[in-house]
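Everything on this sheet refers to the single structure shown next.
2 protein chains.
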Amino acid sequence: MLDTLNLKLSLDKATYKSEIDRLMHQLRELQNACWGKKLPVIVVLEGWAASGKGGLVKQIISYMDPRGFQVHPIWPPTAEERKYPFLWRFWQKLPAQGHMSFFYHSWYTHVLEERLFKRLETDQVPTVQQLFGQINSFERQMVDYGTAIAKFWLHLSRKELKSRLKDYAKDELTAWRVRKEDWKQAKHYHRYASFAEEMLVQTSTGVAPWTLVEAESERWAQVKVLTHLASTLTTALDQLKIKLSPPSLPAQTQLEITESNLLAQVDLSLSLSEKDYEEQLAKAQVKLRKLQLNIHKYDIPVLAIFEGWDAAGKGGAIKRLTRILDPRSYFVHPFTAPTDEEKVHHYLWRFWRRLPTKGTIGIFDRSWYGRVLVERVEGFASETEWRRAYREINEFEAQLTSAGYVLVKFWLHISPEEQLHRFTERQNNLFKQYKLTDEDWRNRQNWNYYDVAINQAIQRTTTPSAPWTIVAANDKYYARVKVIKTVVETIEAQLKSRN
Amino acid sequence: MLDTLNLKLSLDKATYKSEIDRLMHQLRELQNACWGKKLPVIVVLEGWAASGKGGLVKQIISYMDPRGFQVHPIWPPTAEERKYPFLWRFWQKLPAQGHMSFFYHSWYTHVLEERLFKRLETDQVPTVQQLFGQINSFERQMVDYGTAIAKFWLHLSRKELKSRLKDYAKDELTAWRVRKEDWKQAKHYHRYASFAEEMLVQTSTGVAPWTLVEAESERWAQVKVLTHLASTLTTALDQLKIKLSPPSLPAQTQLEITESNLLAQVDLSLSLSEKDYEEQLAKAQVKLRKLQLNIHKYDIPVLAIFEGWDAAGKGGAIKRLTRILDPRSYFVHPFTAPTDEEKVHHYLWRFWRRLPTKGTIGIFDRSWYGRVLVERVEGFASETEWRRAYREINEFEAQLTSAGYVLVKFWLHISPEEQLHRFTERQNNLFKQYKLTDEDWRNRQNWNYYDVAINQAIQRTTTPSAPWTIVAANDKYYARVKVIKTVVETIEAQLKSRN
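Chain order of the listed sequences is Y and F. Numbered by the working numbering, the letters in the first sequence go through residues 14 to 512 in order. Numbered by the working numbering, the letters in the second sequence go through residues 14 to 512 in order.
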C-alpha cells in the first residue's frame, strides 16, 4: 500500500504560496467556528522520523489563536503512565469542547514504535489485535461525542529518510532531535513499514480514516494536510447541524417493558443475625486484608463500583469494606454532579481521570452508570446517547479488565417501603439529616422509571469479565457481608487465574 | 526537646473507650460543620516508623463520611515529581473547600527522610533553611486562605522503635510495610532525631504549630491526637465567624495615589520601522531557537507571563515569540475566569497545576497577578486578600526561581487613546470581532483604577530574581521585538550564572 504512493508529487513555489495563504485563512475561520459551536478537534500526526511533522504543527498553529489549541508531544510512556491502561494518558489530554488538540505522535506509537522496539511482548494481553480494537472504539466514542478527528501518515522512502537523518545530524540546531530510535527506523525500514501498513489498514475506519501524505516534497505535504484538515472540519461542522436533535424527553414519557425484571427476582428477605454478621464480617475483612498484600505484591489494580437506590446503604457498605485496610492502599471517590470542566468533556473522561493505579483499590461511590440511570431518567442524555452508552461502557470495562483490573460492580437493592422507612429515619435523626436531600424525594417519585433503566443497564452490561452483583440490601447486615465477600471472591479468582 | 517527652504516659482501657467514643462523635459533627462552612482541613501525620500513623488514620476516618476526605500517602517523589519545585506535588493534593486531606507523611519528609538518606545535597539550592522558610510560607498561605492545619509528630524511643520493627517483620500481614529505610531510622536514631528536632523548632509557627505525641501507648496517642484535632477544628470554625468580613467594596471606591507612577514614565513613542522589525525579530528568534537547545540540555524550566491592557498585543507578541520554536518544547496557557473546581481552591492553585516542567517553556497569557488587578478592581478579592497577595506572590515566585525557573514578567503598556483605536478596529474587522467583549469596554471605563492597581502591583512584586519588564506597546513592532529580546537576555543571563 505505502509503496504505491507517488513520492514525486510536488508543488511549485507560486502555487504553494497562494494555496497555503488561502488555506491558513480558511483554517483560522474554521477554528473560530469550532470554538463557537463547541466542537472538539483531534489532529493526529504520525509518520517516519524527519518526515516534517514538527514543521507542519508549526505551520498550522502559527495562524491560530493560541487560546484554543494544545500541542501534545508524545514520548514513550513514563513509569507512572505504564501503571494504567495504555489509553489512559491520552484521555487526560483530550480537547475540551471548542478546543483543538494536536497529537505529535499519539496512541499509534503504542502499536508501532513500541512494537518495533519490542517493548510489547507478542504473547501479551491485550494483543496488538485487541489494541487496534481498543483504538477503534476510542476514536468512535470521540466521534460519537461530536469530536472531529483528522489522522495523517507522513510517508518517506527509505532513501529520503536516511538522507534527511544525515542532514539533521549535521546541523547543530536539529542534531539533538535525532534519536537513536530514528536511526533504527531507517535500519529496519521494511519491518517498520509493514507494521505501519497493518496499523493503517486496521484503524482506517469510516468515522476516522487515515490520510496518507506523500511527504518528500514539504510543499506538497503541507498543502495536502491543510486541505484535508479543512475539509474534515467543514464536514464535522455540517454534521453538527444535522445532529442537533430536539432536546430529549425525560424517561417519564418513555416507560418501556424490559425483557425480564432482574430486580424483582431478588430475595429481599435475606438477612443475618447480629452475631452471624459480626463473625462473618470480621472473617471476610481479615481475608481482604491478606489479599491486599497480594494486590500490592503483584501490582493488581482493583476497582469496586457502588450503585444502588438512595439510602440503600452504599456508604455503610464501603465503610465496612475499608475498615481494616491500610489507608495507604485504597481510596474512595464519590461522584456527584460533574464540574464545569467535566461538563465540556466526554462523560467517561472524569472516570478515566480517577482510575486506581496498579496495586491499589479504588472505590467509586456511583460511577459511569449515571449515564444510563439518572441522565436517562432526567433527560440529561438524549435517547441516542444513553442507548449508545451501553456499548461504550462495555468497551471501557473490557479495556480495564484486559489491562488486568479486577472490576466489581454492585447494585444495592432495597424495596420502596424500606427506602421510605430509611428516609423518615434520616429526617428524624439530626446526625443523618444532611444525607437526605430534595433530590432523594424526587428520585423516589421516579422509582418505576429507574426500575426500568436499572434492569436494562444491568442486562446490557453484564459480561463474563465484568458481571454485576445485585445485593439484597433490605437487611444491612446481610448486604455488607455480601459486598465484602464478593470483593474477596473476585480478587481470589483473579489471583488463581494468574497461576 | 524530644527526649524530655514522657513516653510512659498511657490510658486504661475504660477511660480510653469512653474518651474515644466521645471524641469520634465530636469529630463527626465537626466534619459536618466544616463541610457546611466550606472549611478546608489539612492533617499532617509525621513521626517514627511504626509509631502508629496508619492506625490513627484508620481510626479517624472510620467514623467519617467518605465523601468528605482524602488520604494521601506520601512516598519518595517520582521522576516526574522531581521536575517541579518540591511543594508542587502537595499543591496538587490540597483539599477543596469543605474537604479534609490526611497527609500520611507530607512535605516534611523532604526535610527529614530525604535529608537523612542524603537525597538532598548540603550545598544545594534551595538550602534546608530555605526549605523551612518555604514550608512556613506555604502553611501560612493555607491558613490565611482559611484552612485549618493540624500537625502531629508521633514519638518513640529508640528501644521501642526497634522492638516494633522486629514485631512487624515477624508478622506476615505487616512485614511488607517495613522498608529498609525504617531500619535505617533505628540505626541512625540520634541523627534522625536531631533532624526532626530542628524541623519541629523551625516549623512550629503560630499559625500551624506541631503537636508532639507520646506514642508508645497507642491509647494515649490516639486520644491526644483526636483531642488536638477536635480543638483545632473548633478554633478554626470559631475564627471563621470573626473573619467573615462584610463583602468588600470594588476598588472604584478606594482610589489611592501611588508612590510613583511607573506606567506614566514609559516612553510610548518608541517604535521600529518594518525593516528594522523584521531584521531584529528574525535575529532574536534564531537566538531563542538556539537557546532552546540549552534549555533542553540543562533541563531549565522557563516561565514567561504576559499581563497588559486589553488589546495591548499580548497574543501577537506570544505568536512571534513562539513562531520558530519546536512545538514540542513549549506551551501557551491562557487564563480566564476560574472554573468551579478552581474556585474552591486557593487562588494560586490553578497556576501551580500548570507550571512548565524542566526543559520546557511555559507561556501564561494572564497570570496570578489577576489577584491584585482584576480581582481587586472588581471587588472579587477583599482588601485584606489582595494586600496579602503581594507577599504571597513574592513567595511563590521566589520558590520558582530558587528551584531554577527562569521567570520573565511582562506588562504590555499602551495609552488609552491607542486602546480606543484598537477596539474600534476590532469592532470593524469581522475577523477580529470575537476578541472584543463587553468586559473590555467595562475594564476601559475603570482605566484609572487599574492604573493604580498596576503601578502598585509592579512596585511591590519587583524583586532581584523576578523583575518586571514594562513594554512600550503603542507600536506593535517595537513591543514584539522587546519581548523576545528580553526573554533571550534573561535566559542567557541564567545560563551564564550556571558557569
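For every residue, glycine included, the Cβ atom is placed at its ideal position computed from N, Cα and C. The model shown is predicted, which means the values in this text are computed figures rather than measured ones.
Practice problem: Quick one: grab the DSSP three-state call for Ser114 of chain Y. | Solution: strand
Quiz item: Hey, is Pro340 of chain Y's beta-carbon within less than 9 Å of any beta-carbon in chain F?
Solution: Chain F, which has a Cβ nearer than 9 Å to the Cβ of Pro340 of chain Y, makes this yes.
Quiz prompt | Glu320 of chain Y - containing alpha helix (DSSP H), residue span | solution = No alpha helix (DSSP H) contains Glu320 of chain Y, which is instead part of the beta strand (DSSP E) from Val315 to Gly321.
Quiz item: Can you tell which of F:Ala206, F:Ser230 and F:Glu126 has its C-alpha closest to the C-alpha of Arg177 of chain F?
Solution: F:Ser230
Quiz item: Taking three-plus beta-carbon pairs below 8 Å as touching, is the segment 140-157 of chain Y in contact with the segment 408-415 of chain Y?
Solution: yes
Quiz item: How is the beta strand (DSSP E) around Val84 of chain Y delimited, first residue to last?
Solution: Phe82 to Pro86
Exercise. Check whether the segment 423-443 of chain Y touches the segment 323-343 of chain Y, counting contact only when three or more Cβ pairs, one atom from each stretch, lie closer than 8 Å.
Key: The segment 423-443 of chain Y makes contact with the segment 323-343 of chain Y; the number of CB pairs closer than 8 Å reaches 3 or more.
Quiz item: Does the Cβ of Ser114 of chain Y have 16 or more other Cβ atoms within 10 Å, making it buried, or fewer, making it exposed?
Solution: buried
Exercise. Give the C-beta separation of Asp339 of chain F and Gln305 of chain F to the nearest angstrom, bearing in mind that I take them to be a contact with Cβ-Cβ under 8 Å.
Key: 7 Å
Exercise. Consider the Cβ of Glu408 of chain Y: report whether some Cβ of chain F lies at a distance smaller than 9 Å.
Key: no
Self-check item: CB contact check: Phe344 of chain F to chain Y, cutoff 9 Å
Solution: Interface flag for Phe344 of chain F against chain Y is set, since a Cβ pair is found closer than 9 Å.
Quiz prompt | Residue closest to Arg302 of chain Y, alpha-carbon to alpha-carbon, out of F:Glu185, F:Arg400, F:Arg341 and F:Val220 | solution = F:Glu185
Self-check item: chain F within 9 Å of His309 of chain Y, Cβ atoms only
Solution: yes
Practice problem: Answer with yes or no whether the minimum CB distance from Glu194 of chain Y to chain F is below 9 Å. | Solution: no
Quiz prompt | Three-state secondary structure (DSSP) of Trp481 of chain Y | solution = strand
Quiz item: Does the segment 447-455 of chain Y come close enough to the segment 340-353 of chain Y to have 3 or more Cβ pairs within less than 8 Å?
Solution: no
Practice problem: Could you name the residues of the segment 81-94 of chain F whose beta carbon sits closer than 8 Å to any beta carbon of chain Y, in the order they occur along the chain? | Solution: Gln83, Val84, Pro86, Thr91, Ala92 and Glu93
Self-check item: Residues, ordered as in the chain, of the segment 186-210 of chain Y that lie near chain F by beta-carbon distance below 7 Å
Solution: Leu186 and Trp189
Quiz item: Mind pulling the chain Y residues with CB within less than 8 Å of Arg336 of chain F?
Solution: Lys71 and Ser75
Practice problem: Would you give the residue range spanned by the beta strand (DSSP E) that Ala470 of chain F belongs to? | Solution: Here Ala470 of chain F belongs to no beta strand (DSSP E); instead the alpha helix (DSSP H) covers Trp460 to Arg473.
Quiz item: How about Val70 of chain F and Tyr117 of chain F: are their beta carbons less than 9 Å apart?
Solution: yes
Quiz item: What residues from the segment 112-127 of chain Y come within 7 Å of chain F, judged by C-beta to C-beta, listed N to C?
Solution: For the segment 112-127 of chain Y, the beta-carbon criterion of a distance under 7 Å to any beta-carbon of chain F is satisfied by Tyr117.
Quiz item: When the Cβ atoms of the segment 382-399 of chain Y are set against those of the segment 283-299 of chain Y, are three or more pairs found closer than 8 Å?
Solution: no
Exercise. Starting from Pro347 of chain Y, follow its DSSP beta bridges and name the residues at the other end.
Key: Residue pairing for Pro347 of chain Y: DSSP places it in a beta bridge opposite Y:Asp378.
Quiz item: At a Cβ threshold of 9 Å, is Glu396 of chain Y touching chain F?
Solution: no
Self-check item: Neighbour list for Arg177 of chain F in chain Y, Cβ cutoff strictly below 7 Å
Solution: In chain order: nothing, as chain Y lies at least about 16 Å away.
Quiz item: Got a sec: is the Cβ-Cβ distance from Ile374 of chain F to anything in chain A below 9 Å?
Solution: This model lacks chain A altogether, as its protein chains are Y and F.
Quiz prompt | Thr450 of chain F in three-state terms, based on DSSP | solution = Three-state DSSP puts Thr450 of chain F in coil, outside helix and strand.
Quiz item: Lys30 of chain Y: buried (16+ other C-beta within 10 angstroms of its C-beta) or exposed?
Solution: exposed
Quiz item: Is it true that the CB of Ile33 of chain F sits closer than 9 Å to the CB of Gln215 of chain F?
Solution: no
Quiz item: In terms of residues, what are the limits of the alpha helix (DSSP H) holding Thr224 of chain Y?
Solution: Where Thr224 of chain Y is concerned, there is no enclosing alpha helix (DSSP H), although the beta strand (DSSP E) it sits in stretches over Trp223 to Glu227.
Exercise. Could you tell me whether the Cβ of Glu354 of chain Y comes closer than 9 Å to any Cβ of chain F?
Key: yes
Quiz item: At least one CB of chain Y closer than 9 Å to the CB of Asp78 of chain F: is that the case?
Solution: yes
Quiz item: Considering only residues of the same chain and omitting the five flanking positions on each side of Arg102 of chain F, which have a CB-CB separation below 6 Å?
Solution: Glu94
Exercise. Would you mind sorting Phe130 of chain Y into buried or exposed? The rule is 16 or more other CB atoms within 10 Å of its CB.
Key: exposed
Self-check item: Through-space distance from Trp233 of chain F to Asp25 of chain F, alpha-carbon basis
Solution: Rounded to whole angstroms, Asp25 of chain F to Trp233 of chain F spans 9 Å at the Cα level.
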